[in-house]
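Protein chains in written order, with the numbering used here: chain A, 3 to 341; chain B, 3 to 341. Shown next, in structure tokens, is the structure this report addresses.
Number of protein chains: 2
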Amino acid sequence: MKKITIAVDAMGGDNAPHAICMGAAEACRTFPDIEIILTGDENKIHAILEPVPPEVRSRIRVVHASEVIGMDEHPVVAIRKKHHSSMKLAMEMVRSGEAQGFISAGNTGAIVAGGVLIVGRLPGIDRPALGTALPTIERPSFMLDMGATVRCKPENLYQFALMGSVYSRKILKVTDPEVTLLSNGTEEIKGDECVAGARDLLMKSALNFKGYTEGNDIVWGRSDVIVCDGFTGNVALKLAEGIMHGLKSLLTDEVKKSLLAKAGMLFMAPTVKLLWTRFNYEKYGGAPLLGVRGAVLKAHGRSKEPAILSAISAARNFIEEDGVEMIQAELDTSPTHMA
Amino acid sequence: MKKITIAVDAMGGDNAPHAICMGAAEACRTFPDIEIILTGDENKIHAILEPVPPEVRSRIRVVHASEVIGMDEHPVVAIRKKHHSSMKLAMEMVRSGEAQGFISAGNTGAIVAGGVLIVGRLPGIDRPALGTALPTIERPSFMLDMGATVRCKPENLYQFALMGSVYSRKILKVTDPEVTLLSNGTEEIKGDECVAGARDLLMKSALNFKGYTEGNDIVWGRSDVIVCDGFTGNVALKLAEGIMHGLKSLLTDEVKKSLLAKAGMLFMAPTVKLLWTRFNYEKYGGAPLLGVRGAVLKAHGRSKEPAILSAISAARNFIEEDGVEMIQAELDTSPTHMA
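In structure tokens form, the structure reads like this:
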């Protein structure tokens, strides 16, 4: 059995450190092949881990970190200066090889900056991409970039497509994944210069490229991999989350106001819950940062215990499937700068 | 009573010409101060107008157009070459002053191209913007650009903010509208170079600028005017429409599968319908193309009769409130190139 070590930033996210530590313990209970290193305030972490049974506890190591990178801090500055932060210490373990994977629910920008500056990019990769498996109607779609690289050159989008395709094939087990570029319409004449440039590169590539996709196609899951820049991906993901939260909040209010609706909800609750679960854009169980030399995953800032378990499970899967090596192999055999 | 003439492209949109003609007739019935010029296949239009009562019919003029600009045609090429198209003929009436307003549910790109090439830009405006009043939870937000100008310079976004602010104040009757820029996060360090450049211009302007807004804020309506480039706006609007359609379709399927849910829907139907109506992103009743010398409005491609009536009503309102002159006056007193 291959031993897998995952470094977890215990202090990042809205529900840290409690949900992070308990999620990590749950992951150790679930997967007998993993070990976890929790970085953060050791007193707090030890207290949280108190009730964890010894056979699980023995596979969790706590490494004290005296600093935390806040959600609003400047990512690059924080990663460069906060040498004793829980995030930086955990990432350094990936660089040194002490851990193969890293999870944090903290500052996304700092995770990306640390991915590049500490863990390091794969040779041939200019910019990393944050991917996420989106809930859709027909099939799960893997979308990238969700915010790592704000604006892109055509070559960046091309590399994202390459990495997304490997991830879809090797990790999500999709045969010959269909790749599309997110644009402002499906017709060839749509897109800006950058998207059009990426389209040209993808047309010439060996990927199963299906052209442009538009906003509503995201929902239906009309392709396996959707590629966009980090600005657009971030706006789209947050909008989708916002609509689901908005509808939930309005539905709750309306049901409170109407006796009829209240009665209906008694029967409808399972259906509403099913739709909510299916379209919960927050439940993506860890977004991999692709293009770096390790399994670096970002968990949602609002992650609770199950989301942390799910992110650790995704990291474990990525490591077990040699995700990084697979992407590297694909890069080695494909031209990365086709222009 | 100021007489208002609106030229309507009878052939554009999924439900043309029937829904367009009947919507126009309904508008004449509703507003005694308007006259409508319908451009398109005169035989078809006359046949559709057959049942319209004479007192309404007398305020509708039909102008024959032998060509139609299709949904997939190249916008600029179509506008330049199809001299006898229903869209071009209607737009030329705005240029000549024969009509003050124009409506089409057809090819969006062609409407934008025609707005610039036929109707003409306002002096000082580099690029036009397509705006739309979005359904939100707290208050309606006016968002622009939804697809007229794919990628922007900071100066374009600044002008969109200026025009959106005038539209919000004069047409939507919002006092001192709050303006935000859509970005990949609310913190100052977010945004690409263009958004950051626009932010600098807006900070120095007299507008009530409130900084960045992110994807989920769109849903809650946290500002009166949201500014973005046409690429981002188009992806966001289509995604929002797609989510609502996806949920509707899933809900219908689930209710069919479950007896319990079917029973619940008997009670819940009014609530579900209310949510659907409130969040129907297609029902924006005509998106104004701001920055051109006339009331040019785009109706949704799927518009039926009520949506056409609503778009004509919006055009009438825009003309009555001197929308174009108001924007021009604002441009004249504000620096449009502050950089």
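Backbone N, C-alpha and C fix where the C-beta goes; we use that ideal spot for every residue, glycine too.
Is residue i helix, strand or coil when you go by DSSP?
i	result
V181 (chain A)	strand
H371 (chain A)	Outside the modelled stretch of chain A, which goes from 3 to 341, sits residue 371 (chain A), for which no answer is possible.
A107 (chain A)	coil
E332 (chain A)	helix
K175 (chain A)	coil
N210 (chain B)	strand
E190 (chain B)	coil
I6 (chain B)	strand
S143 (chain A)	strand
R304 (chain B)	coil
E52 (chain A)	coil
C196 (chain B)	helix
Q161 (chain B)	helix
D202 (chain B)	helix
D255 (chain A)	helix
A238 (chain A)	helix
M267 (chain A)	helix
M340 (chain A)	Below a pLDDT of 50, predicted positions are generally treated as unreliable, and M340 (chain A), at 47, falls in that range; no measurement from the model is reported.
S260 (chain B)	coil
K155 (chain A)	coil
G149 (chain B)	coil
Between which two residues does the beta strand (DSSP E) carrying residue i extend?
i	result
S312 (chain B)	First-last for S312 (chain B): E307 to E322, but that is the alpha helix (DSSP H), not the beta strand (DSSP E).
L1 (chain B)	Since the first residue shown for chain B is 3 and the last is 341, residue 1 (chain B) is missing from the structure and cannot be characterised.
E89 (chain B)	Reading off the sequence shown, one finds Met at residue 89 (chain B), where the question assumed Glu. Not the beta strand (DSSP E): M89 (chain B) falls in the alpha helix (DSSP H), residues S88 to S98.
V229 (chain A)	V227 to V229
List the endpoints of the continuous alpha helix (DSSP H) containing residue i.
i	result
R63 (chain B)	From DSSP, R63 (chain B) is part of no alpha helix (DSSP H) but of the beta strand (DSSP E) over I62 to H66.
T32 (chain B)	H20 to T32
A80 (chain B)	P77 to K83
V298 (chain B)	Segment A297 to K300 is the beta strand (DSSP E) holding V298 (chain B); no alpha helix (DSSP H) there.
N218 (chain B)	G217 to W222
P56 (chain B)	P56 to R59
Bridge partners for residue i per DSSP, in chain order?
i	result
L292 (chain A)	A:A131
D11 (chain A)	A:T41
V1 (chain A)	No statement about residue 1 (chain A) is possible, as the shown extent of chain A runs from 3 to 341 and does not include it.
L136 (chain B)	B:S143
P123 (chain A)	Sequence check: residue 123 (chain A) is Arg here, not Pro. BP columns for R123 (chain A) point to A:V294.
D69 (chain B)	The question names Asp, but residue 69 (chain B) is Glu in the sequence shown. E69 (chain B) pairs with B:S87.
Is it true that the region 78 to 97 of chain A meets the region 117 to 130 of chain A, where meeting means three or more beta-carbon pairs spaced less than 8 Å apart?
-> yes
Members of the region 216 to 242 of chain A that neighbour chain B once the beta carbon cut-off is set at 9 Å | E216, G217, N218, D219, I220, V221, W222, C230, D231, G232, F233, T234, G235, N236, V237, A238, L239, K240, L241 and A242
Cβ-based contacts, 9 Å cut-off: residues of the region 185 to 213 of chain A near chain E = Absent here is chain E; the protein component of the structure consists of chains A and B.
Give a yes or no on contact between the region 300 to 320 of chain B and the region 6 to 21 of chain B, applying the rule of three or more CB pairs nearer than 8 Å.
-> yes
Chain B contacts from the region 132 to 144 of chain A (Cβ-Cβ distance under 7 Å) | For the region 132 to 144 of chain A, the residues whose beta carbon sits under 7 Å from a beta carbon of chain B are, in order, I139.
Does the region 222 to 234 of chain A come close enough to the region 223 to 231 of chain B to have 3 or more Cβ pairs within less than 8 Å?
-> No, they do not touch.
For the region 253 to 264 of chain B against the region 185 to 197 of chain B, are there 3 or more C-beta pairs whose distance is under 8 Å?
-> no
What residues in the region 269 to 281 of chain B have a beta carbon less than 9 Å from any beta carbon of chain A?
-> F269, M270, A271, P272, T273, V274, L276, L277, R280 and F281
Would you call the region 260 to 279 of chain B and the region 264 to 281 of chain A touching, i.e. three or more CB-CB distances under 8 Å?
-> yes
Pull out every residue of the region 5 to 33 of chain B whose Cβ sits closer than 8 Å to any Cβ of chain A, in chain order.
-> none
Which residues, taken in chain order from the region 164 to 177 of chain A, show a beta carbon closer than 7 Å to some beta carbon of chain B?
-> none
Using a beta-carbon distance cut-off of less than 7 Å, what residues from the region 67 to 81 of chain B approach chain A?
-> D74 and H76
Could you list the residues in the region 242 to 263 of chain B with a C-beta less than 8 Å from some C-beta on chain A, going in chain order?
-> A242, E243, G244, I245, M246, H247, G248, L249, S251, L252, L253, E256, V257, S260, L262 and A263
Cβ contact check for the region 18 to 33 of chain B and the region 205 to 219 of chain A: 3 or more pairs under 8 Å = no
Are three or more beta carbon pairs between the region 26 to 37 of chain B and the region 56 to 75 of chain B nearer than 8 Å?
-> yes
Is there contact between the region 239 to 251 of chain B and the region 178 to 187 of chain B, where contact requires at least three CB pairs shorter than 8 Å?
-> no
When the Cβ atoms of the region 319 to 330 of chain B are set against those of the region 146 to 159 of chain B, are three or more pairs found closer than 8 Å?
-> no
Stretch-stretch touch, CB-based, cutoff 8 Å, three pairs: the region 77 to 90 of chain A with the region 50 to 58 of chain A | no
Chain-ordered residues of the region 100 to 114 of chain B with a beta carbon less than 7 Å from chain A = Those residues of the region 100 to 114 of chain B that come within reach of chain A (Cβ to Cβ, closer than 7 Å) do not exist; the list is empty.
Counting Cβ pairs closer than 8 Å, one from the region 102 to 114 of chain A and one from the region 70 to 79 of chain A, do we hit at least three?
-> yes
Contact list for the region 149 to 161 of chain B against chain A, Cβ threshold 7 Å | G149, V152 and R153
Compile a chain-ordered list of the residues in the region 84 to 98 of chain B whose CB is closer than 9 Å to at least one CB of chain A.
-> none
Hey, is the region 124 to 133 of chain B in contact with the region 288 to 296 of chain B, meaning 3+ C-beta pairs nearer than 8 Å?
-> yes
Give, in chain order, every residue of the region 295 to 314 of chain A whose Cβ lies closer than 9 Å to some Cβ of chain B.
-> none
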